[in-house]
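Per the UniProt record's numbering, residue 1 is the first one in the sequence shown, and the count goes up by one each step.
Contents: one structure, followed by commentary.
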Amino acid sequence: MKLRGLYAITDSQLLAGKFLPYVEAALEGGVTLLQYRDKSQDDSRRLREAEALAELCERYKTQLIINDDAELAARLGVGVHLGQTDGPLTPARTLLGRNAIIGSTCHAQLDLAEQAAREGASYVAFGRFFNSVTKPGVPAADIALLEQARTRIKLPICVIGGITLDNAAPLVAHGASLLAVIHGLFGADSTQEVTRRARAFNALFASA
Ligand SMILES: Cc1ncc(COP(=O)(O)OP(=O)(O)O)c(N)n1
Ligand SMILES: Cc1nc(C(=O)O)sc1CCOP(=O)(O)O
Ligand SMILES: [Mg+2]
1 MKLRGLYAIT
11 DSQLLAGKFL
21 PYVEAALEGG
31 VTLLQYRDKS
41 QDDSRRLREA
51 EALAELCERY
61 KTQLIINDDA
71 ELAARLGVGV
81 HLGQTDGPLT
91 PARTLLGRNA
101 IIGSTCHAQL
111 DLAEQAAREG
121 ASYVAFGRFF
131 NSVTKPGVPA
141 ADIALLEQAR
151 TRIKLPICVI
161 GGITLDNAAP
171 LVAHGASLLA
181 VIHGLFGADS
191 TQEVTRRARA
201 FNALFASA
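Given below as structure tokens:
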């Protein structure tokens, strides 16, 4: 499967009271990967919501990725995204199997991306590229890093952090394969606007 296009990420606070309708609206507009990102410790809610997303993704032929939690990903038979403190990649690959999508946060460090590639990651994620309301204060990445990553890393490159329709085009032009977006997608006033934004993010790849 080609990892290229919009990578929608859920946010439990932003999507409170409209979780499934907003996610479905994004899927309607076209989503390559959907990440379930919930930073709470409420395991039963996490399982319930992740199962609901798995069902939706099945319907829309979208790949589901679970943030942080390889065990939950294994339980649902889906992929996982692991940050630098979320556990090692190699056992996650063993647990999930060779076909699972496994992503790795590499901040703005090419050496982390090279290590992730050696350890079996499916894509590497760099960020944050712009100021993020969702996760302020994380280290910054820039276009020069993207240029270097494109020549050194032979995996799809995901970019994240403050990405909106107004700032995403140069990232795609400089080699980003996946645009990972929370607020720039789901911070919309209506389901129709979420669908419009998803379509518009995807259109950036058609013209690249
Ligand atoms: C696609 C993607 N890229 C980066 C992250 C950030 O992961 P991490 O550093 O583990 O931070 P949290 O998201 O867990 O707070 C991500 N989730 N997805
Ligand atoms: C979860 C996350 N990780 C980041 C990183 O730089 O690793 S930035 C970020 C938040 C992304 O949300 P938004 O699109 O609303 O900025
Ligand atoms: Mg994490």
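Glycine included, every Cβ here is placed at the ideal spot set by N, Cα and C.
Own chain, CB closer than 8 Å to residue i, minus 5 neighbours either side, in chain order
{"i": "residue 63", "result": "1, 32, 33, 34, 57, 78, 79 and 101"}
{"i": "residue 150", "result": "157, 174 and 175"}
{"i": "residue 147", "result": "174 and 175"}
Local conformation of residue i per DSSP, three classes
{"i": "residue 79", "result": "strand"}
{"i": "residue 148", "result": "helix"}
{"i": "residue 140", "result": "coil"}
{"i": "residue 52", "result": "helix"}
{"i": "residue 96", "result": "helix"}
{"i": "residue 195", "result": "helix"}
{"i": "residue 202", "result": "helix"}
{"i": "residue 170", "result": "helix"}
{"i": "residue 189", "result": "coil"}
{"i": "residue 115", "result": "helix"}
{"i": "residue 165", "result": "coil"}
{"i": "residue 90", "result": "helix"}
For residue i: DSSP bridge partner residues
{"i": "residue 126", "result": "159"}
{"i": "residue 105", "result": "125"}
{"i": "residue 181", "result": "8"}
Integer-rounded CB distance, given that residue j should sit under 8 Å from residue i
{"i": "residue 194", "j": "residue 203", "result": "That belief does not hold up - the Cβ atoms of residue 194 and residue 203 are roughly 15 Å apart, past 8 Å."}
{"i": "residue 49", "j": "residue 36", "result": "7 Å"}
{"i": "residue 165", "j": "residue 140", "result": "That belief does not hold up - the Cβ atoms of residue 165 and residue 140 are roughly 21 Å apart, past 8 Å."}
{"i": "residue 106", "j": "residue 92", "result": "In fact, because the Cβ distance is near 15 Å, the residues do not count as touching under 8 Å."}
{"i": "residue 65", "j": "residue 103", "result": "7 Å"}
Spatial neighbours of residue i in its chain, beta-carbon cut-off 7 Å, leaving aside the 5 residues before and after
{"i": "residue 143", "result": "170 and 174"}
{"i": "residue 90", "result": "119 and 120"}
Own chain residues within Cβ distance below 6 Å of residue i, not counting five before or after
{"i": "residue 8", "result": "26, 31, 34 and 185"}
{"i": "residue 70", "result": "80, 92 and 95"}
{"i": "residue 12", "result": "38"}
Within the region 13–78, note down every full beta strand (DSSP E) run reaching 3 residues or more, in order along the chain. 33–36 and 63–67, all fully within the region 13–78.
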